[in-house]
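What follows is a single structure, written as structure tokens, with notes after it.
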Amino acid sequence: MPDTKKQDPKKQQQQQKQAQQKQGQQQQQQKQAQQKQQHKR
Numbered sequence: 001m002p003d004t005k006k007q008d009p010k011k012q013q014q015q016q017k018q019a020q021q022k023q024g025q026q027q028q029q030q031k032q033a034q035q036k037q038q039h040k041r
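Numbering (the UniProt record's numbering), first residue to last: 1 to 41.
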């Protein structure tokens, strides 16, 4: 892995945004899964 300290801060911010977006997608998937379980009942 490259040294993050050597990378410019703009790239780091973009990486953080992408990570947050991934977390948001995971939360949405969990909500969808819960809704499916409720429909089965």
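C-beta: ideal position from N, C-alpha, C; glycine also.
Inter-residue Cα distance where the pair is residue i and residue j
i	j	result
Q34	K6	42 Å
Q15	Q30	23 Å
Q13	Q25	18 Å
H36	Q23	One detail in the question is off: residue 36 reads as Lys in this sequence, not His. So the two alpha carbons sit approximately 20 Å from each other.
Q28	A19	14 Å
P9	Q21	18 Å
Three-way DSSP call (helix, strand, coil) for residue i in this model
i	result
K6	coil
Near the ligand MN: residue i beta-carbon under 8 Å from a heavy atom
i	result
K10	Absence of the ligand MN from the depicted structure is noted, as is the absence of any ligand whatsoever, leaving it without description.
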